[in-house]
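Data block below; observations after.
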Amino acid sequence: MRTVFPTRRLALLALSTCALAQAPLLHAQIADYPSKPVKFVNAFTPGGPTDVLARSLGEALQTQFKQPFIVENKPGAAGNIGADMVAKSPADGYTVMIGIDTTFTVNPHIYPSMPFKQGDLKPLMVLATSGMMVVAHPSTGFKSLADMVTAGKSKGVNFSSAGNGSPGHLAAEVLGNATGTKIQHIPYKGNAPAANAVLAGEVDGGVLAAPTMLQHIKAGKITALAVTSRQRSKVAPDVPTVAEAGYPQLVQEILYVAMVPAAMPEPLMQTLQRGMLEALRSPDIQARLTALDLQVDGSVGAAASKRLADLSAQYGRIAKATNMKVD
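Quick note, the sequence shown lines up with residues -21 to -1, 1 to 306 if you use mature numbering (1 follows the signal peptide of the UniProt record, and there is no 0).
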């Protein structure tokens, strides 16, 4: 008499057989990783902090693993283009996004549609953090954040940012909402052109990545009003924090993140995480990051995921309150 297995039992048997068949392949993949070049996808403009971070890490990891770590620039749509490329890549550890948190914590709240689902990617590591600089062109006469707020309330100010959905865009919206400052937001394609707009006096000021602004501040070509981080900048220690300037609600830090396809096996992630942590602890990398006003972080796993989730909830409330949208 023929035995008939229930459908569920057949399905479980098939899954078990498949898993057993794949186990040796996965073990070999993990043992040999990396056996070919690894691609870091920089989701923002070439020459910016994410690019420098990706290349610095790549050099260190190449020495460790004896395989090339190459950087491919895929900027655009506040990180969405690079993130989408990685989301659609094989989850084999050979394609990693290097970017910032706002692609995942701000963009879903302000873009009418996203090219990838939030669940398509997961954090490999929070690599570093940094604040931003609230800056002004010297011709404005602003000497403090309070000066800028006073002028903004009476006649309004225009601010450049690195683009729609960028941390600077978010900060400008928060500043306007919290203080009643009338801010006209003018997006540029990256921190460098946004900084150049302030340098040229095309705009009154901006909230921009600190690394882009430091040389201009030191040269006296741009006035630094405050930093958005909780602590003062190590490379611009005379600039007060927004909290010290009387605006604690404006505290905001950028998370520099490495993201991978969600299906990437945990053992492969751990191999890359160990290599990254070793690289981030090296004096050479730490010196490079300090020069960019970045602080080494190193969060992984549930801690990294929670930080992104908490920021997404916070920024979602801000986006709704300020009607922050990208058409």
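C-beta atoms are modelled at their ideal positions from N, C-alpha and C, and glycine is treated no differently.
Bear in mind that the values here come from a model prediction, so they are computed numbers and not experimental data.
Please name the residue or residues paired with residue 237 in a DSSP beta bridge.
-> Counting from 1 along the sequence shown, the entry for residue 237 is found at position 258. DSSP output for residue 237 lists 77, 104 as bridge partner(s).
For residue 110, which of 95, 222, 265 has the nearest alpha-carbon?
-> As a first step, residue 110 must be located in the sequence shown, where it is residue number 131. Here the closest residue by C-alpha is 222.
Range covered by the beta strand (DSSP E) that runs through residue 165 = For the purposes of this step, residue 165 is taken as residue 186 along the sequence shown, with counting starting at 1. It spans 162 to 166 - the beta strand (DSSP E) in which residue 165 sits, taken as one unbroken run.
Limits of the unbroken alpha helix (DSSP H) element including residue 187 = The sequence position of residue 187 within the sequence shown is 208, counting from 1. Careful: residue 187 lies outside any alpha helix (DSSP H), inside the beta strand (DSSP E) at 184 to 188.
In the structure shown, what three-state DSSP assignment does residue 131 receive?
-> In the sequence shown, residue 131 corresponds to position 152, counting from 1. The answer is helix: DSSP assigns residue 131 an H, G or I state.
Are there three or more Cβ pairs, one per stretch, closer than 8 Å when the region 223 to 237 is compared with the region 74 to 81?
-> yes
Is it buried or exposed for residue 298, if we count other Cβ within 10 angstroms and need 16 for buried?
-> Working through the sequence shown from its first residue, we reach residue 298 at position 319. Residue environment for residue 298: buried (at least 16 other C-beta atoms within 10 angstroms of its C-beta).
Quick one: grab the DSSP three-state call for residue 302.
-> Locating residue 302 in the sequence shown gives position 323, where the first residue counts as 1. Here residue 302 sits in coil by DSSP.
Mapping DSSP to helix, strand and coil, what is residue -20?
-> By 1-based counting over the sequence shown, the position of residue -20 is 2. At residue -20 the pLDDT is 48, less than 50, meaning the model places this residue with poor confidence and gives no usable figure here.
CA-to-CA distance, residue 269 to residue 44, given in whole angstroms = Residue mapping note: residue 44 aligns to position 65 of the sequence shown, counting from 1. Residue mapping note: residue 269 aligns to position 290 of the sequence shown, counting from 1. Their backbone Cα atoms lie some 25 Å apart in a straight line.
Is residue 274 helix, strand or coil by DSSP?
-> Position 295 of the sequence shown, counted from the first residue, corresponds to residue 274. Residue 274 falls in the strand class under three-state DSSP.
Could you check the C-alpha separation between residue 168 and residue 51 for me, to the nearest Å?
-> Looking up residue 168 in the sequence shown gives position 189. Looking up residue 51 in the sequence shown gives position 72. Distance between the alpha carbons of residue 168 and residue 51 is about 18 Å.
Could you pull the start and end residues of the alpha helix (DSSP H) that residue 248 belongs to?
-> Start at 1 with the first residue of the sequence shown, and residue 248 comes out as number 269. 245 to 260 is the extent of the alpha helix (DSSP H) around residue 248.
Nearest-angstrom Cα distance between residue 87 and residue 292?
-> The residue you call residue 87 lines up with position 108 of the sequence shown. The residue you call residue 292 lines up with position 313 of the sequence shown. Rounded to whole angstroms, residue 87 to residue 292 spans 11 Å at the Cα level.
Would you give the residue range spanned by the alpha helix (DSSP H) that residue 220 belongs to?
-> On the sequence shown, position 241 is the one that residue 220 refers to. Run containing residue 220: none; DSSP gives neither H nor E here.
8 Å contact criterion, which residue 171 and residue 27 should meet: CB distance rounded = Residue numbering aside, residue 171 sits at position 192 when the sequence shown is read from its first letter. Residue numbering aside, residue 27 sits at position 48 when the sequence shown is read from its first letter. Right, the Cβ-Cβ distance comes to about 7 Å (below 8 Å), so this counts as a contact.
Residue burial classification, residue 24 (beta-carbon count within 10 angstroms, cutoff 16) = In the sequence shown, the residue the question calls residue 24 occupies position 45. The residue in question, residue 24, is buried, as its Cβ has 16 or more Cβ neighbours within 10 Å.
Residue range of the beta strand (DSSP E) that includes residue 89 | Residue mapping note: residue 89 aligns to position 110 of the sequence shown, counting from 1. That residue, residue 89, is in no beta strand (DSSP E); its alpha helix (DSSP H) goes 86 to 89.
Is the Cβ-Cβ distance between residue 17 and residue 105 less than 8 Å?
-> For the purposes of this step, residue 17 is taken as the residue at position 38 of the sequence shown. For the purposes of this step, residue 105 is taken as the residue at position 126 of the sequence shown. In this structure, residue 105 does not lie closer than 8 Å to residue 17 by Cβ.
Is it right to say residue 98 is buried, meaning 16 or more other beta carbons lie within 10 angstroms of its own, or is it exposed?
-> Here the question's residue 98 lines up with position 119 in the sequence shown. Exposed, because fewer than 16 other Cβ atoms sit within 10 Å of the Cβ of residue 98.
Determine the direct distance from the alpha carbon of residue 220 to that of residue 180, and round the result to whole angstroms.
-> As a position in the sequence shown, residue 180 is number 201, starting the count at 1. As a position in the sequence shown, residue 220 is number 241, starting the count at 1. About 24 Å.
Element boundaries [alpha helix (DSSP H), containing residue 64] = Numbered from its first residue, the sequence shown carries residue 64 at position 85. Start and end: 59 to 66.
By how many angstroms is the C-alpha of residue 95 removed from the C-alpha of residue 208?
-> Position 229 of the sequence shown, counting from 1, holds the residue named residue 208. Position 116 of the sequence shown, counting from 1, holds the residue named residue 95. When the Cα atoms are used, residue 208 and residue 95 turn out to be separated by approximately 30 Å.
Straight-line gap, residue 242 to residue 65 (C-alpha atoms, nearest Å) | The residue given as residue 242 occupies position 263 in the sequence shown. The residue given as residue 65 occupies position 86 in the sequence shown. Cα-Cα distance, rounded: 12 Å.
Alpha-carbon spacing of residue 47 relative to residue 248, whole angstroms = Mapped onto the sequence shown, residue 47 falls at position 68. Mapped onto the sequence shown, residue 248 falls at position 269. Those two C-alpha atoms are separated by around 18 Å.
Do you know how far the Cα of residue 40 is from the Cα of residue 70?
-> Numbered from its first residue, the sequence shown carries residue 70 at position 91. Numbered from its first residue, the sequence shown carries residue 40 at position 61. Near 19 Å, if we compare the C-alpha coordinates of residue 40 and residue 70.
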